[in-house]
Structures are given as C-alpha cells and as structure tokens.
Amino acid sequence: MKGRVAWILIGLFVAILGSASILGMAKDTLVVAVMAPPRTMNPHGSDADCNLQIMANIFDGLLQRDADGNLLPALATSWERVDALTWRFHLRQGVKFHNGNDFTWEDVKFSLERLKEPYPVSEFLAFGGAIAEVRPVDGDPWTIDIVTTKPVPWFVQNLHQIFIMDKESTETRSIGEIGEYPIGTGPYKFVEWVKGSYLKLEANEDYWGGPPPIKYVVFKPITESSTRVAALISGEVDLIQDVPVELFDMVKSSPNAEIITRPSRRSIWLGLRNSPGFPGSDVRVRKAIYMAINEDEIIEKVMMGHAFPCSQIPDPPTVGYDASIERLPYDPEEAKRLLAEAGYPDGFTIKLTGPNDRYVQDEQIAQAVATQLAKVGIRVELDIKPKAIFFPEIDQHGLDFYLIGWFDGSYDFGRSFTKLLHTVDPERGYGGLNGASYSDPVLDKLLEASSSIVDPTLRADALRLLNRVAMQEKIAVIPLHYQEDTYALYKPSNVQFQPRPDGWIVCKDISFGE
Amino acid sequence: MCGGALKAPPCLISMISYIIRRIGQSVVVLFVVSFLCFGIFQFLGDPVLTLAGRYATQEQQELVRRTLGLDKPFYVQYAIFIRNALRGNFGLSYTSQVPVMRMILERFPASLELALVAMFIALTLGITLGVVSSLRPRSPLSRAIMAGSLLGISLPTFLVGILLILIFSVWLRVLPPFGRGEVMRIVGRWRSGLLTLDGLRHLILPAITLGLYQLAVLLRLTRGGMLEALAEDYTRTAWAKGLPQRAVIFKHALRNVLIPVVTMAGLQMGELIGFSIVTESIFQWPGMGNLLLTAIYESDHPVIVAYVMFVAGLILFINLAVDILYGILNPKIRYD
Numbered sequence: 000m001k002g003r004v005a006w007i008l009i010g011l012f013v014a015i016l017g018s019a020s021i022l023g024m025a026k027d028t029l030v031v032a033v034m035a036p037p038r039t040m041n042p043h044g045s046d047a048d049c050n051l052q053i054m055a056n057i058f059d060g061l062l063q064r065d066a067d068g069n070l071l072p073a074l075a076t077s078w079e080r081v082d083a084l085t086w087r088f089h090l091r092q093g094v095k096f097h098n099g100n101d102f103t104w105e106d107v108k109f110s111l112e113r114l115k116e117p118y119p120v121s122e123f124l125a126f127g128g129a130i131a132e133v134r135p136v137d138g139d140p141w142t143i144d145i146v147t148t149k150p151v152p153w154f155v156q157n158l159h160q161i162f163i164m165d166k167e168s169t170e171t172r173s174i175g176e177i178g179e180y181p182i183g184t185g186p187y188k189f190v191e192w193v194k195g196s197y198l199k200l201e202a203n204e205d206y207w208g209g210p211p212p213i214k215y216v217v218f219k220p221i222t223e224s225s226t227r228v229a230a231l232i233s234g235e236v237d238l239i240q241d242v243p244v245e246l247f248d249m250v251k252s253s254p255n256a257e258i259i260t261r262p263s264r265r266s267i268w269l270g271l272r273n274s275p276g277f278p279g280s281d282v283r284v285r286k287a288i289y290m291a292i293n294e295d296e297i298i299e300k301v302m303m304g305h306a307f308p309c310s311q312i313p314d315p316p317t318v319g320y321d322a323s324i325e326r327l328p329y330d331p332e333e334a335k336r337l338l339a340e341a342g343y344p345d346g347f348t349i350k351l352t353g354p355n356d357r358y359v360q361d362e363q364i365a366q367a368v369a370t371q372l373a374k375v376g377i378r379v380e381l382d383i384k385p386k387a388i389f390f391p392e393i394d395q396h397g398l399d400f401y402l403i404g405w406f407d408g409s410y411d412f413g414r415s416f417t418k419l420l421h422t423v424d425p426e427r428g429y430g431g432l433n434g435a436s437y438s439d440p441v442l443d444k445l446l447e448a449s450s451s452i453v454d455p456t457l458r459a460d461a462l463r464l465l466n467r468v469a470m471q472e473k474i475a476v477i478p479l480h481y482q483e484d485t486y487a488l489y490k491p492s493n494v495q496f497q498p499r500p501d502g503w504i505v506c507k508d509i510s511f512g513e
Numbered sequence: 000m001c002g003g004a005l006k007a008p009p010c011l012i013s014m015i016s017y018i019i020r021r022i023g024q025s026v027v028v029l030f031v032v033s034f035l036c037f038g039i040f041q042f043l044g045d046p047v048l049t050l051a052g053r054y055a056t057q058e059q060q061e062l063v064r065r066t067l068g069l070d071k072p073f074y075v076q077y078a079i080f081i082r083n084a085l086r087g088n089f090g091l092s093y094t095s096q097v098p099v100m101r102m103i104l105e106r107f108p109a110s111l112e113l114a115l116v117a118m119f120i121a122l123t124l125g126i127t128l129g130v131v132s133s134l135r136p137r138s139p140l141s142r143a144i145m146a147g148s149l150l151g152i153s154l155p156t157f158l159v160g161i162l163l164i165l166i167f168s169v170w171l172r173v174l175p176p177f178g179r180g181e182v183m184r185i186v187g188r189w190r191s192g193l194l195t196l197d198g199l200r201h202l203i204l205p206a207i208t209l210g211l212y213q214l215a216v217l218l219r220l221t222r223g224g225m226l227e228a229l230a231e232d233y234t235r236t237a238w239a240k241g242l243p244q245r246a247v248i249f250k251h252a253l254r255n256v257l258i259p260v261v262t263m264a265g266l267q268m269g270e271l272i273g274f275s276i277v278t279e280s281i282f283q284w285p286g287m288g289n290l291l292l293t294a295i296y297e298s299d300h301p302v303i304v305a306y307v308m309f310v311a312g313l314i315l316f317i318n319l320a321v322d323i324l325y326g327i328l329n330p331k332i333r334y335d
C-alpha cells in the first residue's frame, strides 16, 4: 500500500517535471545565449566585444554601424572633418536618456573626457587620450567640434563603440552602481542583471529610431559550447552565438535548428621576425614559409571547412583592404628551392609560439603549420600556451614566429599597422603588439605619410598601397584565413536575424517572423 | 566524571583549548594560502594589458599599473593586501569594479544549494545502495551496483555532465540543460531555486553530476562497513534473538556504520562547494566556481584571491565543525 502511494507520487513528480518544459509563454521575449558573460554595465569599462555588443543595445554612440559595417548617424545626425585635428558633428535633438534626462552636448563632452581616466573606468585610454577638446560651435549647443591632440584619421570610424553616458546620473553614482545599472539612450532599457545567469532588457518605446520590434531580450551567457548547443536544440534559447566547428553536424542534424554563417572580421596569420642574421630577414625565406603552407588543407582538415583563405590582415569593410592582393600559391618544391637559394638547403629550426585558448582551433593550426613546414626542411618547435601568458610575450616583442588573430575595431588598416607591424617605438605609440619586432623602413614611411592625409579617399588609396607593398613585396606577415562567425537559430521561434561583420547581437535589428 | 562543581570540567577545557589551537592553525593556513596565491599571480597574465585597452600605448599601460599599485614590488603588494583584508576589504574586481566579496557572496547561495542537493542525493542513494548491495553481495543486483559505483568514481565530471545533458535535455527533452531557472529572492541578494518547480528541475542534472563521485565513495564505504558489521557477533546475536530483519539491519548494523560515513560526507561538503568548477561551467550554473573561471580567464586577480581565501576558510571551518561533532557523537575521541 505504502509502496504504491510512493510510486504514484514519483510518477506525478516526473510527469510535472516533463510537462513544465512543454508549456511555453506567448512569444514577446528573445532569449540569446552568448559565449562570454558581459563584464560590466559601464560602457567604457571594457573594450571586449562580449561587452560592447550588450552596450550597443542599451547605449548609443554618436555614430553606429549597420549590418554591413557601414557607418551611419546615431546621436549625431551628420559629421565632417574640418581640418587634420577637428571633427564637426551635428547632434540629434529631442533624445532622452532612460531616466528621463535630456541628451545634450555636455553629455558628449563628459563621456569623451571620461575615456581618459586610467582606472577604474576606461579601456579606451588610447582613444580618450587623443581628445583635446569638445566645444560647441558659435554658441550652438547642437553643433560641436571635437579637437584631437594629433591627427587621428580613423577618429569617426571608432565612434560606433564609444557610447554616450548621462552626465548627471554618472557623476552622482559610485563606480560600483554605474557598473551594475546602465542608463543610456539606446533601443533597450536595462531591467535586471543576475551575474552569471542572465541580463534582461526591455524595449525603449521612446527610442529616437522608433520602438524595437521585440519587447524583451534576455542575454544568457553559456560558456561551455556543447551546453550552448544543447540549450538551442532543446528550445531553451532562440539564438546562439558561436557554434564550434566540431558541433556543427550535431546542430545540422536537428530538425529544430538552423545554422547561419558569415566570414568573420578576424584574420589568422603568422608573424615572423626579420632582424638581421635571423632567417626571416631574407624575403626568400619568408616566401618559402608562405608557399610551404597548404592553407586549403588547414581549412579542410583543421577548420573542417569553416574558414576562408585570406591574403592580407584586414577584411573587406576595413579601410585599406585591397581585393587585388592574392595568396602566393602552395608550392613546396618552389619553397625548397627558395630556401636553398637563401642559403638554407637543409632548412633551419624555428620556434612557433601561439595561444591555445584564443582562436578557433588555434593550437591545431600551429601543429598543422609545423607538420607542413617540416616537409620543406624547416623544423618547428611548438611553444603553445594560454593566452594569458602568450599576449604579454607579444608585448615584449621578443618572439621569432607566432600565430595571432586580428581585426580592427575601428575598421582601419592604418591603425592596425601602427599597432602590429610598425617598428617598435613606445614613445610614439608604434608597434605595441609587434610580437617579433618586425621592422621595415619603407613600410613605416608609407604608414606615417598616410596619417596626415585629410581626404578620406586619398588616405584609403595610401593605405591600400601600404597593404600591397607589405603583403606582396615584403611578406610582412604570412596570412592564413578568416575565421567564420557562426550562429544557430531555434527554427520554431522564427527569428529574423542577419549576422553583422562585428559579430554583435544588435536586437533592434532582430524580429520574430509571422 | 569531569572535575568539581565550581571548575569547568577538564574535558570541556581541553575541547576549548583544542578549538582555539585549531583556529590558530587555520589563520596560519589562510596566510600561507593567500601568500601562495599572490606568488602565482606573478606568473599569471598581466591584468594591465586588458585594463588599458587593446590600443593603449606603453605609457598609458604604465599609468594604469601605477594607479592599481601593480608597479610596487611583490611583498609590498602583499602587505597592502593583508592590511586591507584584515579590515574585511578585499578590493574591487578589475573588470567589473564591484567589491569582490560582494560578488562572491552573491554567487555563494547557488553553489551552496547545488552542493547541498548533490550531497543529499549522494547520501540517500549512497547509503541505500550500499546497504542493498551488502545484504546479498554476490547477487546480480549487487554486482551491478558495484560496477556502477566504479563508473561513478572513474568517469570524469565533464563527461557525466555532457552525457546527462545529451540524454535528458536533447533526446528526452525532460530537463533543462543549463542555468538555475526561476529563483525566489529570500533576502537581499540571496536567491533560492529550491522553492520553485522550475528551480528544482534545473537542479537535478547538475546535482547528479556533482554528487556522482561522492555517491560512489559513500556507497563503497557503507557497503564495506555493512559487510563487516553483519559478520559481527552482536549482529548474529540479533538474528539469533529472532529480531525482525529491518531492526537488525538498520538498528544494529547500519547505525554503527553511519559514523564514518557521515564524517566522510561532512568532509566532502566543503569540496562540493569549493570545487564544483567543472560542473558549474558545464551547466552554466551561476555559482562561485563559474565566477572563478571567468576571473581566471580575465586575469581578475582580486576575485581569484578572494575566492581562494573564501573557500579555504570554508573548508577549514567545515573540517573543524566535523571534528567537534565527531567528538560529540563518539565520546571516546580525545582532543589532544
């Protein structure tokens, strides 16, 4: 008797547990599983994309980017470059912050000046440090000039990720409060953030661009990729970011899941020292390494087809990208010949350093490169380590040969080159991430010449020239591939979503289909 | 018995002095732990690189380093940390700029609940199955249980977690694969998932994953103890007296076996709270382990050191509590 009651209870319990998962709610909420949790609600507190993409839903910049990477008006309705140092913006009128405060030019001034504080505020120090002054033009509070301390040709290119904060509520609250409760002008208002669990946002019905189509958005961080995929397949979430290569087939086999991909902005490439005496100082050796690498094989075997060969560091929307640059062909025989000609008929030994927790299949790519180079006689010692150790080594500029990935947040190859390949010169802010102290006076000159050109078209031409010389003549780096950005949708939710080049989830552009 | 009427009984005095000594030792352990933590930071990533932003110049990086006091030598940094920690101030997180102890206490309820449920499952199932398999050690059922317990000990946690998600969330679709589900706010930032159906559903898979190893250990401990106890003279006497089976097994045999089992469970409790990192990461459980993992990923040193201190303190406390309770349960124990 007692036993039967227990069994009935257990049966009921199981039935309730099962049924609860079937009962759904009316669909006014989009649930997005992101791969990394947001770090802070302070929009200047982190320049990581996992944070910026959330901030882009709550805050506005002076400008914004659409799903193709084009620069569009946001809190500024139009802009122009007055001279090498001055940028003029016409501000949008009648915009309100989520707490009811009016948006004015003082908020812009306050937000940009806030970028200069080293800690505990800003991860945009370099950008903030270049701003000298923000002032209204001729007493008109809706037209402002932003003056930089030195020519910053990519200044406006970065304004989609510099978010404008409310001066009054930011000044009166502690840094802890600002980091937990954001007040912006953006399409979504903050509701609740339970760290590690979810961040809930609600549509801003008074948004200057019109109310967004979806009423509520919930961002849930799920760092473990197989769990993220399981959450999608079981319908717990509507949209996930980053489907790892090895789980692709599992998602495809599910009738409820649909995969969306696009080439990522990030290119993966190899940096190589060229200091005198080092084999890499001979451009024939650089070419030989380039031609000994079978990128098609890496894409097919290591990336399982989910990458796109690249011939240069920047991606198509970036200023300075040149479509005419082609990859050197894969030709191990020619590579051997070049090595012999350069005085290395028996090859040489070289250490390849790289991270194992930063890029898709990063460690495996390095292993594949090592195997391929061995075939032409170059013996590669692998030195693979966590990114927390790898990146400080990049900062020391002492590596010989390293694997790294890059995309430029401001869509500008000039800025990338300044950081990655210009001769290391900390005083002038050059070569901060030049891991192997690559140095070439011709390329340095080309870059420096481009930065004083005010006309954007002429400057783009100069950067394309720099790119061509670097990639075709000097083999400044050995390009491998662009990664692939992957998303998966839960089909029954019928989410209308177009992936962006920056990989951000911008919810005002997402809707539920009929 | 112990001493006269006016003086405290010597056994109580010896117990108090024992506790004081243990607390003293604990403080030393905490110092050593924090020192080791700081030592390891020297070899972890440099937080300044991310804090100054991807495009910062070296000069700006140095500015951030100075502002954070990270330019000072190791021992000075450590002394400053100890001075602040003694006042209960463990500093601000580098990435979120929120007091780290608040962040940890915010995550603690989730970890505690998960550990409690895991321990509950491990204790009830472990003891039950242990008793069952000890009664007829050679029966197929007992052999199956023992084989299962071997799996429980040897299967790595992440594999168990992923298999459970695959079976119950993806194939059968009866349980959710991640998160805490609906929680109720108890007081302040303390939220509980134990009071809602949705919260309970979310607890099942991670609790089983976390508790499986402990379950297997407790099962084997119970079974071993029971086999011994069932062969003892007093049990045979009980059988011979014609006592009902239930009384013999539970009152005579199991009661004696339980003391080491409960001690073991108590000691494991601290580990369940502190070392649930793998389980929390697979199930995206918003507990302390998950926080630690993110902090390591982001080189957020204040969070790491506060976490390690918190968990070390917790384990020391639980061990002390278990030792004291053990003495109360078993008066033969001497605190020397």
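Residue numbers (numbering that gives the first Met the number 0), protein chains in the order written: chain A, 0 to 513; chain B, 0 to 335. For every residue, glycine included, the Cβ atom is placed at its ideal position computed from N, Cα and C.
For residue i versus residue j, is the C-beta spacing smaller than 8 Å?
{"i": "A/His305", "j": "A/Val244", "result": "yes"}
{"i": "A/Leu465", "j": "A/Leu269", "result": "no"}
{"i": "A/Pro211", "j": "A/Pro186", "result": "yes"}
{"i": "A/Tyr410", "j": "A/Gly178", "result": "no"}
{"i": "A/Asp484", "j": "A/Arg227", "result": "no"}
{"i": "B/Phe37", "j": "B/Tyr93", "result": "no"}
{"i": "A/Glu476", "j": "A/Ile312", "result": "Rather than Glu, the amino acid found at residue 476 of chain A in this sequence is Val. Their beta carbons are under 8 Å apart, which means A/Val476 touches A/Ile312 by this criterion."}
{"i": "B/Gly265", "j": "B/Val321", "result": "yes"}
{"i": "B/Pro205", "j": "B/Leu113", "result": "yes"}
Along chain B, in chain order, which residues have C-beta atoms closer than 7 Å to that of residue i?
{"i": "A/Arg336", "result": "Chain B residues near A/Arg336: none, gap ~40 Å exceeds 7 Å."}
{"i": "A/Phe123", "result": "Gly52"}
{"i": "A/Thr226", "result": "Ile164, Pro176, Phe177, Ile281, Phe282 and Gln283"}
If you follow the alpha helix (DSSP H) that residue i is in, where does it begin and where does it stop?
{"i": "A/Glu223", "result": "Where A/Glu223 is concerned, there is no enclosing alpha helix (DSSP H), given that its DSSP letter is neither H nor E."}
{"i": "A/Leu381", "result": "No alpha helix (DSSP H) contains A/Leu381, which is instead part of the beta strand (DSSP E) from Arg378 to Lys384."}
{"i": "A/Leu84", "result": "Taken as a continuous stretch (DSSP letters only), A/Leu84 belongs to no alpha helix (DSSP H), as it is neither H nor E."}
{"i": "B/Lys240", "result": "Asp232 to Lys240"}
{"i": "A/Lys335", "result": "Pro331 to Glu340"}
Less than 8 Å between CB atoms is the rule here; does residue i satisfy it with respect to chain B?
{"i": "A/Arg463", "result": "no"}
{"i": "A/Gln156", "result": "no"}
{"i": "A/Ser118", "result": "Per the sequence presented here, residue 118 of chain A reads as Tyr, with Ser not at that position. So, interface residue."}
{"i": "A/Gly502", "result": "no"}
{"i": "A/Leu22", "result": "The predicted model places A/Leu22 with a pLDDT of 44, which falls under 50 and marks its position as unreliable; any figure quoted below should be read in that light. No, A/Leu22 lies away from the interface with chain B (no Cβ there is under 8 Å from its Cβ)."}
{"i": "A/Ala19", "result": "In this predicted model, A/Ala19 has a pLDDT of only 46, less than 50, meaning its place in the structure is not dependable enough to derive any value."}
{"i": "A/Asn41", "result": "yes"}
{"i": "A/Asp165", "result": "no"}
{"i": "A/Ser196", "result": "yes"}
{"i": "A/Met0", "result": "In this prediction, A/Met0 scores a pLDDT of 46, lower than 50, which makes its location untrustworthy; the coordinate-derived value is nonetheless stated afterwards. Output row for A/Met0: interface = no."}
{"i": "A/Ser510", "result": "no"}
Taking only beta-carbon atoms, is residue i less than 8 Å away from chain A?
{"i": "B/Gly90", "result": "no"}
{"i": "B/Arg53", "result": "yes"}
{"i": "B/Leu193", "result": "no"}
{"i": "B/Gly273", "result": "no"}
{"i": "B/Thr56", "result": "yes"}
{"i": "B/Gly44", "result": "yes"}
{"i": "B/Thr236", "result": "no"}
{"i": "B/Ile161", "result": "yes"}
{"i": "B/Val216", "result": "no"}
Along the beta strand (DSSP E) that carries residue i, what are the first and last residues, could you check?
{"i": "A/Asp361", "result": "Note, A/Asp361: premise wrong, no beta strand (DSSP E); alpha helix (DSSP H) at Asp361 to Ala373."}
{"i": "A/Ile239", "result": "Leu238 to Gln240"}
{"i": "A/Phe189", "result": "Tyr187 to Val193"}
{"i": "A/His480", "result": "Val476 to Tyr489"}
Give a yes or no on whether the minimum CB-CB distance between residue i and chain C is below 8 Å.
{"i": "B/Gly178", "result": "Chain labels in this structure do not include chain C; the protein chains are A and B."}
Using a C-beta to C-beta distance shorter than 7 Å, which residues of chain A count as neighbours of residue i?
{"i": "B/Ser168", "result": "Ala229 and Ser233"}
Q) Is there contact between the region 266-275 of chain B and the region 136-145 of chain B, where contact requires at least three CB pairs shorter than 8 Å? A) no
Q.
Count Cβ pairs between the region 339-350 of chain A and the region 394-401 of chain A that sit closer than 8 Å; are there 3 or more?
A. yes
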